[in-house]
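K.L.:
One structure, as structure tokens, below. Some questions next.
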Amino acid sequence: MDKLKEAEPEEHVTVRTLRERLPDAVLSTKSFRNEITILVRAGDIVRACRYLKEDPDLRYEFLSDLTAVDRLGEHPRFDLVYHLYSLQFKRRIRLKVQVEEGEMAPSVTSVWSTANWHEREVFDMFGIGCEGHPDLRRILMPEGWEGHPLRKDYPVQASPKWWEEGGKSD
Amino acid sequence: MLLSYLPIVLFVLLAAGFALATLFLSSVLGPRRPSKDKLSPYECGIDPVGSARERFSVKFYLVAMLFIVFDIEIVFLYPWAVVLNSLKLFGLVEMIFFLGILLVGLLYVWKKGGLEWTS
Amino acid sequence: MEWLVFAPLAAVALATAVSVIVLRNPIYCALSLVGTFFALSGLYLLLQAEFIAVVQVIIYAGAIMVLFLFVIMLLDVGHEPPAWLRRDRPKLVLGIVLISLLLLELAVAIGSRVSQGIQGPYTSELVNAIGNTQLVGRLLFTDFLIPFEITSIILLVAIVGAMVLAER
Amino acid sequence: MVPDPAFFVIMVAKIVVVFGLMLLSVAYLTWLERKVIGDIQVRLGPMRVGPHGLLQPIADAIKLMFKEDIVPQAADRWIYLLAPTLALTPAFISFAVIPFGDRIRLFGRTIDLVITDVNIGLLYVFAVASLGIYGIVLGGWASNNKYALLGGLRSAAQMISYELSLGLSVVGVVMLSESLSLVQIVNAQSTAWFIVLQPIGFLIFLICAIAETNRAPFDLPEAETELVAGFHVEYSSMKFAMYFMAEYANMITVAAMATTLFLGGWRGPFLPPVVWFLVKLFLLIFLFIWIRATLPRFRYDQLMRFGWKVLLPVALANIMITAAFVAMR
Amino acid sequence: MTEARTMTINMGPQHPSTHGVLRLVLELDGEIVVRCTPHIGYLHTGMEKIAESKRYQQVIPITDRMDYLAPLSNNLAYVLAVEKLLGIEIPPRARVIRVMLTELTRIGSHLVWLGTHAIDIGAMSVFLYAFREREQILDIYEQVAGARMMSSYFRVGGLFADLPEGFEKTVRSFVTTFPDRLAEYEDLLTRNPIWIQRTKGVGVIKPEDAIDLGLSGPNLRACGVPWDIRKSNPYSGYEQYTFEASKGSHGDVYDRYLCRIFEMRQSVTIVRQALERLPDGPIAVQDPKLTPPPKPMVKQSMEALIHHFLLWSEGFRAPAGEVYQSIESPRGEYGVYLVSDGSNKPYRVHFRTPSFVNLQSLPRMVEGRLVADLVAIIGSIDIVLGEVDR
Chain A
281 MDKLKEAEPE
291 EHVTVRTLRE
301 RLPDAVLSTK
311 SFRNEITILV
321 RAGDIVRACR
331 YLKEDPDLRY
341 EFLSDLTAVD
351 RLGEHPRFDL
361 VYHLYSLQFK
371 RRIRLKVQVE
381 EGEMAPSVTS
391 VWSTANWHER
401 EVFDMFGIGC
411 EGHPDLRRIL
421 MPEGWEGHPL
431 RKDYPVQASP
441 KWWEEGGKSD
Chain B
174 MLLSYLPIVL
184 FVLLAAGFAL
194 ATLFLSSVLG
204 PRRPSKDKLS
214 PYECGIDPVG
224 SARERFSVKF
234 YLVAMLFIVF
244 DIEIVFLYPW
254 AVVLNSLKLF
264 GLVEMIFFLG
274 ILLVGLLYVW
284 KKGGLEWTS
Chain C
26 MEWLVFAPLA
36 AVALATAVSV
46 IVLRNPIYCA
56 LSLVGTFFAL
66 SGLYLLLQAE
76 FIAVVQVIIY
86 AGAIMVLFLF
96 VIMLLDVGHE
106 PPAWLRRDRP
116 KLVLGIVLIS
126 LLLLELAVAI
136 GSRVSQGIQG
146 PYTSELVNAI
156 GNTQLVGRLL
166 FTDFLIPFEI
176 TSIILLVAIV
186 GAMVLAER
Chain D
385 MVPDPAFFVI
395 MVAKIVVVFG
405 LMLLSVAYLT
415 WLERKVIGDI
425 QVRLGPMRVG
435 PHGLLQPIAD
445 AIKLMFKEDI
455 VPQAADRWIY
465 LLAPTLALTP
475 AFISFAVIPF
485 GDRIRLFGRT
495 IDLVITDVNI
505 GLLYVFAVAS
515 LGIYGIVLGG
525 WASNNKYALL
535 GGLRSAAQMI
545 SYELSLGLSV
555 VGVVMLSESL
565 SLVQIVNAQS
575 TAWFIVLQPI
585 GFLIFLICAI
595 AETNRAPFDL
605 PEAETELVAG
615 FHVEYSSMKF
625 AMYFMAEYAN
635 MITVAAMATT
645 LFLGGWRGPF
655 LPPVVWFLVK
665 LFLLIFLFIW
675 IRATLPRFRY
685 DQLMRFGWKV
695 LLPVALANIM
705 ITAAFVAMR
Chain E
19 MTEARTMTIN
29 MGPQHPSTHG
39 VLRLVLELDG
49 EIVVRCTPHI
59 GYLHTGMEKI
69 AESKRYQQVI
79 PITDRMDYLA
89 PLSNNLAYVL
99 AVEKLLGIEI
109 PPRARVIRVM
119 LTELTRIGSH
129 LVWLGTHAID
139 IGAMSVFLYA
149 FREREQILDI
159 YEQVAGARMM
169 SSYFRVGGLF
179 ADLPEGFEKT
189 VRSFVTTFPD
199 RLAEYEDLLT
209 RNPIWIQRTK
219 GVGVIKPEDA
229 IDLGLSGPNL
239 RACGVPWDIR
249 KSNPYSGYEQ
259 YTFEASKGSH
269 GDVYDRYLCR
279 IFEMRQSVTI
289 VRQALERLPD
299 GPIAVQDPKL
309 TPPPKPMVKQ
319 SMEALIHHFL
329 LWSEGFRAPA
339 GEVYQSIESP
349 RGEYGVYLVS
359 DGSNKPYRVH
369 FRTPSFVNLQ
379 SLPRMVEGRL
389 VADLVAIIGS
399 IDIVLGEVDR
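Protein chains in written order, with the numbering used here: chain A, 281 to 450; chain B, 174 to 292; chain C, 26 to 193; chain D, 385 to 713; chain E, 19 to 408.
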């Protein structure tokens with residue numbers, strides 16, 4: 281099944297420029313199905329994003345998506361995944377940041393307003409806080425909810441304790 | 174002359190009586206099963222924040238005050254309209270003065286933005 | 026015959042007027058005042074003054090009281106009786122004195138039959154023949170022209186005043 | 385001078401008949417509106433209760449009668465109860481002075497087809513109309529609900545604003561007929577209907593009439609999509625129905641007024657006067673329904689601006705032009 | 019006259035014009051919205067969590083229920099993502115059918131938007147007209163999938179079944195009558211002065227703000243940013259069709275309205291082209307590990323039976339890796355982020371739903387405007403709460 285030719289990630293213009301400009305930020309790169317993933321050092325994500333957004337040759341001005349993946353059992357435990365898009369060059373790029381449980385990730389709300397709700401969702405679902413977020417609170421689950429549903433150790437058939445206690449959403 | 178108002182009085186009594194009877198009937202016929210949620214004010218399914226009776230935009234007072242002024246003006250227009258045919262040009266000139274002065278007022282409010290409702 | 030109409034109207038006028046002062050909830054007071062206006066309107070009708078009667082309803086009940094209601098509703102004036110009624114003795118005394126003077130004046134006026142006034146040229150038969158509104162129009166726009174035009178100035182002042190108040 | 389007893393009998397008979405017919409028309413106006421709008425929107429409207437849903441209004445009335453009568457806890461109980469009464473009563477009583485036909489001869493007597501003809505009939509109707517605001521404002525306030533309050537206030541501001549132009553729009557008619565009696569006004573239209581002499585007045589009257597009755601495109605007070613149901617959001621059972629009836633009764637009244645003031649009242653060739661009156665009434669009501677099915681809703685500020693900055697000046701200009709013609713004649 | 023205080027009022031979740039269970043906490047000064055705070059989550063169903071315990075094929079019906087007005091768009095985005103993960107190409111007939119049906123879906127979704135948007139602004143008849151046409155689209159769904167709304171017609175590797183007899187005729191008759199009907203709606207609205215007053219200059223958003231807020235779809239194009247994924251990063255063979263992306267310039271409610279009307283017309287032309295070129299051939303990849311063998315074969319061939327059994331009990335395994343696939347759904351960029359650990363169930367699925375992102379721009383559009391504008395603006399953003407909350 282897996283016969284497609286993969287692009288060499290290091291040859292991609294985005295990776296080349298980013299490595300040139302922020303050499304410390306890029307930890308590793310990877311390509312799968314011709315999609316480039318760049319693992320960025322957590323502390324550099326805001327810088328990297330701003331650079332990618334503003335560089336005239338890259339112009340990733342659109343943050344398509346921001347989410348997280350729980351890799352329970354690995355360390356660091358969580359991946360934060362950023363999907364960037366360049367309207368001008370019609371290119372997509374995926375950035376990744378890894379954080380350990382209990383750590384905060386830097387917020388990119390200063391770069392894109394749209395990150396606001398995405399980061400709230402990540403916080404709500406995974407319990408990963410974003411440092412510098414203007415309004416970090418739960419978004420989908422009720423305010424008094426315990427636990428973070430999308431963590432792998434959160435049971436699929438969770439006990440509906442919250443409802444039984446007659447909890448009310450604010 | 175008073176006699177011609179008698180039917181009006183009767184009509185008013187009939188209408189009001191009907192309204193009160195309806196009120197009474199429905200309160201007698203309808204069931205009564207009050208509950209806390211039923212008796213609380215509707216606010217899209219959420220418990221309301223604060224009271225509904227709070228200070229409100231000053232615009233509403235302005236509308237009401239302007240309304241009084243212009244309502245008085247209109248009331249003056251009716252006796253004038255009824256006799257205009259006999260007053261002839263004299264009446265026309267009189268009313269032009271009267272309305273002219275009030276129009277100045279309207280223009281003043283207009284220019285001052287009193288007739289804008291968004292700001 | 027006239028008494029049959031007058032007595033209930035006067036009674037209603039008095040009763041509603043009293044309740045304007047007595048009732049605690051300002052909205053009830055305002056509604057009582059509307060009742061008073063209706064009773065007054067009926068009295069005007071009794072005096073063959075149809076036009077005035079209906080204008081009384083349009084202007085007072087239909088316009089001025091709406092403003093009152095707005096103010097009461099929107100400012101949500103408290104339901105408690107105003108403080109002066111409970112504490113401020115001097116004002117209460119002053120009020121009683123003034124009311125007594127007024128009543129005295131009324132009594133003197135009625136006693137000396139001053140209130141009957143002078144019989145004007147327009148008898149009720151004449152008024153009915155010409156038409157009440159027509160007569161008001163004819164007089165207002167000839168004999169009372171100046172007061173009429175002055176009204177417009179007063180109304181203009183009212184508009185400006187309203188605007189200035191609203192702007193503050 | 386005491387008139388003969390027959391006078392009282394006729395008077396009471398007229399009152400009862402007119403009131404009964406009003407009630408019936410209000411009920412069936414709801415049916416008519418649903419049917420007409422249904423037809424415009426390629427659907428059937430009520431079909432279940434009786435043939436073509438003809439018994440629907442009756443069923444609705446019975447159902448509403450037996451619904452629970454809720455008074456919200458935070459409401460001001462007495463005013464909450466009083467408000468629908470204050471809305472319904474004025475809606476009905478305007479009809480007392482509207483002539484709905486020529487005089488007829490019955491049992492050897494001449495009967496005027498108007499409940500009573502008073503000298504200030506036109507002003508009486510306006511006075512009554514100016515009271516309609518109480519039911520709405522008080523209902524909105526007494527409910528102690530934010531939506532209701534907003535709806536009630538909007539409604540009040542809208543009604544008083546359009547009342548002005550409504551009052552101004554008919555001054556031309558008064559000038560031409562030299563009377564405030566509605567019977568006289570109809571009589572003055574024996575040669576030409578006032579819609580011919582006062583087309584602008586008619587247009588303004590119609591617009592204001594729609595606004596006064598809170599119908600689309602001026603149905604802001606109840607604007608479902610914004611304020612849920614506006615001032616009557618808390619009302620249930622017959623109290624709700626009373627507001628509903630008031631709206632439809634008002635619709636009939638303003639249509640009757642437009643007919644009387646501008647469309648020659650009951651005047652018309654060939655057909656009996658009463659039929660003419662009803663035909664004109666029906667056409668106007670049909671127009672109201674049609675407009676409701678067609679037009680989007682105004683926004684509050686647009687509506688107020690239109691009332692104060694367009695209708696009011698135009699109505700004043702119309703008066704001055706008419707006055708010039710009358711005075712120069 | 020003292021300073022007027024603001025009033026806090028809840029709009030929603032039980033409100034006729036918040037398009038579902040959206041709750042807005044409004045701070046009003048008179049009728050002017052001073053602040054608007056959306057509260058979402060009332061329809062949160064945990065779809066992403068559920069998907070982690072479902073086999074790849076089993077996730078498809080879940081996606082239907084996200085944007086329940088455009089179920090096939092959701093299906094498409096998901097199956098494209100899985101196919102990308104597997105690295106397979108589907109046969110041309112399936113691709114054309116997918117395009118045809120997603121474009122019909124777009125029309126259907128826009129029709130619901132048009133109807134509800136119009137009734138929010140008080141034009142009630144348009145609502146019923148639009149639903150009359152949408153009914154025909156639901157009939158088409160029913161023909162192909164048996165279900166009127168939750169069709170789950172697209173499958174990994176192709177389609178659920180081939181087109182039924184008479185399908186082409188139904189679609190052809192729809193695309194011939196629909197443009198005239200659309201013109202009728204436009205007669206009622208496009209040049210209606212009240213409609214224009216209610217929508218022009220309302221809810222304006224600048225292109226740079228729109229990009230910053232992640233707006234996509236007609237909402238973004240109405241600001242003058244001509245980004246249409248069908249054009250910029252074609253999928254399912256969109257590059258072979260001639261059509262235009264909608265474009266506005268003012269970024270107000272009226273332009274968003276025009277954009278969607280324009281898109282409905284373009285969708286009709288795409289459906290026409292798809293009908294013209296519909297090739298014969300299989301409707302799914304011929305790989306028994308991925309797509310079930312035909313039913314008669316299962317009854318005769320042992321091998322087919324085993325494949326069938328395995329597919330239904332175990333599903334298929336996908337190579338470890340991660341992909342992101344986005345499509346131009348009726349509401350904007352609908353993206354599926356799929357992480358595989360090599361098993362038969364997705365390790366993590368994330369749906370980048372356009373409504374969720376677009377809704378975030380609401381406060382910026384309404385603050386300082388009237389409540390009535392708020393209603394018009396919500397309608398114009400065209401959100402589906404099922405998709406916002408997932």
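Using N, Cα and C, we set each Cβ at its ideal position, and we do this for glycine too.
None of the values given here were measured: they were computed from a predicted structure.
1. What do you reckon, are the CB atoms on F358 (chain A) and I408 (chain A) nearer than 7 Å?
2. According to DSSP, is E381 (chain A) part of a helix, a strand, or is it coil?
3. Look up V367 (chain E) in the DSSP assignment and give the residues it is bridged to.
4. Are the stretch 218-237 of chain E and the stretch 384-399 of chain A in contact at 8 Å, needing three or more beta carbon pairs?
5. Beta carbons nearer than 7 Å to chain E: which residues of the stretch 419-441 of chain D have them?
6. Tell me the DSSP secondary structure of E27 (chain C) in three-state form.
7. Let me know the secondary structure DSSP gives T208 (chain E) once reduced to three states.
8. Between the C-alpha atoms of T309 (chain A) and I279 (chain E), what's the straight-line distance to the nearest angstrom?
9. Is it buried or exposed for K419 (chain D), if we count other Cβ within 10 angstroms and need 16 for buried?
10. With H, G and I counted as helix, E and B as strand and the rest as coil, what does DSSP make of G235 (chain E)?
11. Does DSSP classify P56 (chain E) as helix, strand or coil?
12. Based on Cα-Cα distance, which residue from E:M383, E:P337 and E:V243 lies nearest to G350 (chain E)?
13. Please classify L262 (chain B): does DSSP put it in a helix, a strand, or coil?
14. Output needed in chain order: residues of the stretch 219-231 of chain E with a Cβ under 9 Å from some Cβ in chain A.
15. By the three-class DSSP mapping on this structure, what secondary structure does W109 (chain C) have?
16. Looking only at its own chain, which residues have a Cβ that is under 8 Å from the Cβ of D298 (chain E), when we skip the five neighbours before and after it?
17. Contact defined as beta carbons within less than 8 Å: I believe F421 (chain E) pairs with Q161 (chain E). What is the distance between those atoms, to the nearest angstrom?
18. Quick one: Cα of V45 (chain C) to Cα of V118 (chain C), how far?
19. So if DSSP puts P386 (chain A) in a beta bridge, which residue, or which two residues, is it bridged to?
20. Do Y234 (chain B) and the ligand FAD come close, with the Cβ less than 6 Å from some heavy atom?
21. Could you check whether the Cβ of A188 (chain B) sits closer than 7 Å to any Cβ belonging to chain C?
22. Name, please, each residue of chain C whose Cβ falls closer than 8 Å to the Cβ of K285 (chain B).
23. Tell me the rounded alpha-carbon separation between E267 (chain B) and N503 (chain D).
24. Name the residue from E:R53, E:M84, E:Q291 and E:D273 whose alpha carbon lies nearest to the alpha carbon of Q258 (chain E).
25. Kindly indicate which residue of A:D404, A:R339 and A:H413 has the alpha-carbon position closest to the one of W425 (chain A).
26. Check this for me: beta carbons of G38 (chain E) and L308 (chain E), under 7 Å apart or not?
27. What distance in whole Å lies between the Cβ atoms of S254 (chain E) and V100 (chain E), which are believed to be in contact at a cut-off of 8 Å?
28. State yes or no: is the beta carbon of F184 (chain B) nearer than 7 Å to at least one beta carbon in chain C?
29. Where does H363 (chain A) fall in DSSP's three states?
30. Tell me which residues of the stretch 180-213 of chain E have at least one Cβ-Cβ distance to chain D shorter than 8 Å, keeping chain order.
31. Using a cut-off of 8 Å between C-beta atoms, extract the partners of Q32 (chain E) located in chain A.
32. Determine, using beta carbons only, whether V96 (chain C) comes closer than 7 Å to chain D.
33. Hey, could you find the ends of the beta strand (DSSP E) Y275 (chain E) is sitting in?
34. My output table needs one value for Y342 (chain E): the three-state DSSP class, helix, strand or coil.
35. Could you check how far apart the C-beta atoms of F682 (chain D) and F602 (chain D) are, in whole angstroms? I think they sit under 8 Å.
P.N.:
Taking the coordinates as given:
1. yes
2. coil
3. E:L356
4. yes
5. I424, Q425, V426 and R427
6. helix
7. coil
8. 43 Å
9. buried
10. coil
11. strand
12. E:V243
13. helix
14. E226, D227, I229, D230 and L231
15. Bear in mind that a pLDDT of 49 at W109 (chain C), under 50, signals an unreliable position, so the model cannot answer this.
16. R111
17. No answer is possible for residue 421 (chain E): the residues shown for chain E start at 19 and end at 408.
18. 20 Å
19. A:E411
20. In the structure on display, the ligand FAD does not appear, and there are no ligands present to speak of.
21. no
22. M188 and E192
23. 25 Å
24. E:Q291
25. A:D404
26. no
27. About 14 Å; that fails the 8 Å criterion.
28. no
29. strand
30. L206, L207, N210, I212 and W213
31. Here the premise fails: no neighbours, minimum Cβ distance about 14 Å.
32. no
33. First-last for Y275 (chain E): V271 to R295, but that is the alpha helix (DSSP H), not the beta strand (DSSP E).
34. strand
35. 6 Å
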